[in-house]
Amino acid sequence: MWYVSTRGIAPRVNFEGALFSGYAPDGGLFMPEELPQLDRETLCRWSTLSYPDLVKELCALFIGSELIPKDDLNDLIDRAFSRFRHKEVVRLSRLKNGLNVLELWHGVTYAFKDLSLSCTAQFLQYFLEKREKHVTVVVGTSGDTGSAAIESVKGAKNVDIIVLLPKGHCTKIQELQMTTVLKENVHVFGVEGNSDELDEPIKTVFADVAFVKKHNLMSLNSINWSRVLVQMAHHFLAYFQCTPSLDTHPLPLVEVVVPTGAAGNLAAGYIAQKIGLPIRLVVAVNRNDIIHRTVQQGDFSLSKAVKSTLASAMDIQLGLGEVPYNMERVFWLLSGSDSQVTRALMEQFERTQSVNLPKELHSKLSEVVTSESVSDEAITQTMGRCWDENQYLLCPHSAVAVNYHYQQMDRQQPSTPRCCLAPASAAKFPEAVLAAGLTPETPAEIVALEHKETRCTLMQRGDNWTLMLRDTIEDLSRRWRGHALNASQ
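Count along the sequence shown from 1, then add 94; that gives the number in our numbering.
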């Protein structure tokens, strides 16, 4: 299985190449050169599989056994999911009024990113051990990515991780999930700035190609292909759990409602659809509605100001992995893998932060995706209604998706079966739960964070953040070389 860049200039790579590079050298994103087609027989066979087994089947399809033999792959994925709190890893809650909520948050940090990052980290370590190499992962986070990335690699001997978090701009729980991990390979910096500002030193460091190469730097944000690959399994599980039957011709449709910020789950859903899964995609966003405007009007442009909302992790900002960069994958697929069209679009977007989709591309997009933008008021109302009807607490991101379901119910639309993806546990957002007039339920592990020792280096205004970051990276490289030398003697 080969991967090509959506911009068509970079040479093709295998899965290992796509995993370690994140972005392609030409600025594009890696995509499979050819998409396999799943027939009805395969779908029927997969329909009884657990979530981990679906991940195994999809990864086997897109990685290739010459790179990771099947037995090794299965072991890696079992290891990735071994710390999940729920034995099924991902669980469907069937609630009143046809509401299906797919809980993607049973991992260590109570958010969906645990699913894809735990697998990605296992793949990284597999190749690093084989090649006797070391990487330093640099992550800028507005909340969940940092803690999920830390948990997935903490204690790994071939990986160091540096996380920059915006001091005071994450929730208290999100910050503690990062600063209480005291492993030797975890390095957390608290930046006196917002997520846009902390991305500047990261961008500057990654722009120095020689430095990146010398120190084996990589990022793990939502554009990494292996994260999108694992997220395809959410859609397969949603389909198999919610389809009324697999006996009809053609197979019945299921609507999957995807609350999204950086569009990784959307890209994953669209690829799942392209390889043969009969789903209809609905994307639900909060008031930061670039994806909604793109679907409705073909207007792919950043708003002047990011509005702060209850669904904080979806507050897409200009920053590493926070613009919906994964839309580039969707545009490329819609244009029939036309890298010239994609390159022109994305280069214009990078120059001006604004682009109008060509008519044909926009009409294709609105055929494959429906979209909805949801206000804070609607988020809290949805959280309240779901509690009243089911005694079930939704996080604000999940409420963005469930709001769409309630709208459809209230219009008495003849309804396709529908599944709402729930990206995080309400336990992570006590502020939003209180805003909805409800009582937060905080698990013991989260309460315990308050009493743990923390470690975090401050990056103050007036400090040279880029220099601090470079110095840390150089120091880690020196340490690794020292370890490697001692080991070989």
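Cβ coordinates follow ideal geometry from the N, Cα and C atoms, glycine included.
| task | Return helix, strand or coil for Met421, following the three-state DSSP convention. | result | Met421: helix per DSSP, three-state reduction.
| request: Assign Pro490 to buried or exposed, taking buried as 16 or more other Cβ atoms, counted over all protein chains shown, within 10 Å of its Cβ. | output: Under this definition Pro490 is a buried residue.
| What's the call for Glu263, buried or exposed, on a 16-neighbour Cβ count within 10 Å? | Glu is not the amino acid found at residue 263; the sequence shown has His there. Under this definition His263 is a buried residue.
| How many angstroms separate the CA atom of Gln271 from the CA atom of Pro105? | Each residue's alpha carbon lies about 39 Å from the other.
| request: Select from Thr476, Asn359, Ser448, Gly370 the residue whose C-alpha is nearest the C-alpha of Thr388. | output: For the options Thr476, Asn359, Ser448, Gly370, the alpha carbon positioned closest to that of Thr388 is the one of Ser448.
| said: Alpha carbons only, please: which of Asp166, Leu152, Arg134, Trp140 is nearest the one belonging to Ile365? | reply: That would be Leu152, whose Cα lies nearest to the Cα of Ile365.
| request: Measure the Cβ-Cβ separation of Asp293 and Gly234 and say whether it is below 7 Å. | output: In this structure, Gly234 lies closer than 7 Å to Asp293 by Cβ.
| His343, DSSP secondary structure in three states | If DSSP states are grouped into helix, strand and coil, His343 belongs with coil.
| Own chain residues within Cβ distance below 7 Å of Gly415, not counting five before or after | Low confidence applies to Gly415: its pLDDT is 35, below 50, so where it sits in the model is not reliable, and the reading given next is rough at best. Setting aside the 5 residues that flank it on each side, Gly415 is surrounded in the same chain by Asn315, Ser316, Ile317, Ala356, each with a C-beta closer than 7 Å to its C-beta; the list follows chain order.
| query | So what's Arg437 in DSSP terms, helix, strand or just coil? | reply | Arg437: helix per DSSP, three-state reduction.
| query | Taking the DSSP output, what are the residues bridged to Arg185? | reply | Residue pairing by DSSP places Arg185 opposite Glu197 in a beta bridge.
| query | Taking C-beta to C-beta, are Asp208 and Ala242 nearer than 7 Å? | reply | Yes; because the gap between Cβ atoms is below 7 Å, this pair is in contact.
| said: Please state whether the Cβ-Cβ distance between Leu427 and Lys458 is less than 7 Å. | reply: No.
| message | What ranges does the alpha helix (DSSP H) occupy inside the stretch 219-254, keeping only unbroken runs of at least 4 residues that lie completely in it? | response | Scanning the stretch 219-254 for uninterrupted alpha helix (DSSP H) segments of 4 residues or longer gives 238-247, listed from N- to C-terminal end.
| 7 Å Cβ cutoff met for Leu198 and Ala332 | No.
| message | Which of the three DSSP states is assigned to Met553 in this structure? | response | In the three-state reduction of the DSSP assignment, Met553 falls in the strand class, which pools E and B.
| field | 7 Å Cβ cutoff met for Ala205 and Ser246 | value | No, Cβ-Cβ distance for Ala205 and Ser246 is not below 7 Å.
| request: Would you check if the stretch 519-528 and the stretch 213-227 touch, i.e. whether three or more CB-CB distances between them fall below 8 Å? | output: With fewer than three CB-CB distances shorter than 8 Å, the stretch 213-227 does not count as touching the stretch 519-528.
| task | Excluding the 5 residues preceding and the 5 following Ile540 in the sequence, name in chain order all residues of the same chain whose CB lies nearer than 7 Å to its CB. | result | Excluding positions up to five away in sequence, the list reads Ile267, Ala521.
| field | Segments of 4+ residues assigned as alpha helix (DSSP H) that fall wholly inside the stretch 513-548 | value | Every alpha helix (DSSP H) of 4 residues or more that sits fully in the stretch 513-548 is shown, in chain order, as 524-529, 538-543.
| Are at least three pairs of beta-carbons, each pair with one atom in the stretch 434-450 and one in the stretch 458-467, less than 8 Å apart? | The stretch 434-450, when compared against the stretch 458-467, does not touch it at the 8 Å Cβ threshold.
| task | Could you please give me the residues that DSSP links to Arg374 through a beta bridge? | result | Paired residue(s): Glu349.
| query | Can you tell me whether DSSP reads Ser278 as helix, strand or coil? | reply | Residue 278 is actually Glu in this sequence, not Ser. For Glu278, the secondary structure class from DSSP, reduced to helix, strand or coil, is coil.
| field | Which of helix, strand or coil DSSP assigns to Pro163 | value | If DSSP states are grouped into helix, strand and coil, Pro163 belongs with coil.
| message | Considering only the alpha carbon of each residue, which of Met95, Gly122, Ile103 lies closest to Glu110? | response | Nearest in C-alpha terms to Glu110, of all of Met95, Gly122, Ile103, is Met95.
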